Structures are given as C-alpha cells and as structure tokens.
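Using my numbering, the letters of the sequence shown correspond one by one to residues 8 to 304. Glycine included, every Cβ here is placed at the ideal spot set by N, Cα and C. On a predicted model such as this, the values are computed, not experimentally measured, just so you know. The next block holds one structure in the form of structure tokens; read it before the comments.
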Amino acid sequence: MTFTTSEDRVPRGDVVAPLNFYEPPSDGSSPFNNIDPAPGVPERNYSYQTLSVTIRDIRGLESSFTLDNDAFQILQGLPPSAEEDPAKNGSNFTSDASISQLYYPEVTRLLLDTIPGSNKVIIFDHTIRRTSPSAPRGPVQRVHIDQTATSVAQRVRRHASSPEEAERLLQGRYRIVNVWRPLNKGPVESYPLAFASSQTVEDKDIVPVEHRYKNGYTGQTAGVLHDEGQKWYFLSGMTGDERILLECFDSWAGKEDLEEGRKVKGGRVPHTAFEDPRQRADAEGRESIEKAGCGIL
C-alpha cells in the first residue's frame, strides 16, 4: 500500500474504505425509490449497511480490464472536449444545451470507435455531479447499478426512433454503457469512483429497485448486497483526459456461444463514490459528468 506525499495531494495505492451496501426493507416488501417525493412521501423503503472493503488501485494496470470481462474499461489520452473550448462556444460543462450540442457527438464517436461491432448509439441523458453543498447533485455514496434488464428494454423502446426499430434492436445485442469522466482541472483528490469487476458479483446479490418519478414513469436501478467474493477497484488521481466506461447491462451476458468465441462475464458493474480515509480535509471537491448511452451493437 502506498500513501500520499507532500508533493502529491492524491491518495494512491490500495485502501480499506467504507462502502454503503443495499439492506432490504425490514418488512419484506419490494424496494422502491421515489425521485423528488412530495411532502410526507418516503424517499425509499430500504436502507444501507456500511462495511469496510479493500479497494485496489489499478493505476498502472488500466489495460487489464475490459467490458466483456469486468463491465468496466479505462480509456486514456483523450483530447480536450470542444465543450471546454471558449472559442467553440463551450460552456465548460455548465450548460445542458451546450453539452448536448458539443459533448454528445464526442461521446457517440468514442463509443463507436472503442466498442467492437457497435453501429448505433442513442444518448438519452447526462448528469453533472459536484461536491459543493450547493450543487444539485453530488457524488453518490451508495453501491448501485444504474439499470436492470427490465429498465434497459424500457429505455430502448422509449428512445428508439419508432416501435418497429425498438423491437428490431431488441432482437440483437444491446447494452447501456455509461461514460464517466472528471471535470476537475487537476487530478481527482476526493470521492473517487469505486467499481467491482462484474465477474465477481453474483446474480443473487443484485436486487431490482423501482425508481419512481413524479411524471409517472417507473424505471429500475439495482441495489447490491455485499459478498466477500466481490473485487473492488478504483483509479487514483483521474484526470480530464481519462474516461471510465461503466456497463450497466449487456444482453449477451452469460451466453456461451458468441461471435469470435467471446463470453461476457456478468455485463453489469456495481459502482459508488467513496471517501478515501487518506484524503486531506482541504482536498478539492470532485466534479464529474456521466452520460448514459444506449448502445446497439
């Protein structure tokens, strides 16, 4: 295990840190989560248990992990985004309209160039997270998976150009891949992202949770129960030229006979922000953007 030096404010090396895992409702009912609930309506009916987990720093081992094996992948050496360039009217990730105009096409190209066999990408949303107390959304410190098989099929049907296209796409290989990147000018010092290799997470430990919105739409995310066999990782000191691809779902997961002999091991990645016990009290707050792309491959 390595530690931060006075020259490097970023905690480096493997660490034991607390993670918050899903705890089912005490009455045995189905779990739900209400988004922006009205007064008197509970936010959720389940809880979390905090457990200390060894999280391995993969800095220097980035190429050892792939979407098909682990449901996450590290990309490095990417050019600056047009969204960061004032000469191109970039907003530096403060305007949703500018992000849609300048950053969405870059993410689409990135996924098409990175994922073998990909031919269609539908980007349906993005989320900015900042550690500041005044920010609308901060880092999520709860172990979760963004989508389930049910909610992914819903997404395809909701965002495809027509019902006919949606049903055609659902007959082939389809997946949702979240593109995560930091927005800090320097390396990330606080609340890094932890992710578990998909092949170490058993199906029995993944629990669908209803995600209820005010407009009546109900999707699903997944809570994750802790298991000693799970292997957790993070990438210390992420910079703006790096990305993490987080696979929420892959319709090929677990299938034996795939093209070119590949087998997808799990196809869904639990993840969470965490507080590194080594981070300084005055560490710069983490800022990030995540984008959900519905990839039809």
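- Cβ-Cβ distances below 6 Å link D77 to S204, S205 in the same chain, with the five nearest sequence neighbours on each side left out; the list follows chain order.
- DSSP, read as helix, strand or coil, puts I42 in coil.
- A residue is called buried once 16 or more other Cβ atoms fall within 10 Å of its Cβ, and G223, having fewer, is exposed.
- Assigned with DSSP and collapsed to three states, H133 falls in strand.
- Taken in chain order, the complete beta strand (DSSP E) segments of 3 residues or longer contained in the region 217–287 are 225–231, 239–241, 250–257, 278–280.
- Leaving aside the five residues that flank T207 on each side, the residues in its chain whose CB is nearer than 6 Å to its CB run, in chain order, G236, Q237, K238.
- Look at the region 25–83 and you find these whole runs of beta strand (DSSP E), each 3 residues long or longer: 39–41, 54–64, 79–82.
- CA-to-CA, the gap between D92 and Y110 works out to about 11 Å.
- Taken through DSSP and simplified to helix, strand or coil, A201 comes out as strand.
- Under the DSSP assignment, V186 falls in the beta strand (DSSP E) whose first and last residues are 181–189.
- Here V114 carries a helix assignment [DSSP, helix/strand/coil].
- Listed as beta-bridge partners of K298 by DSSP are H133, V186.
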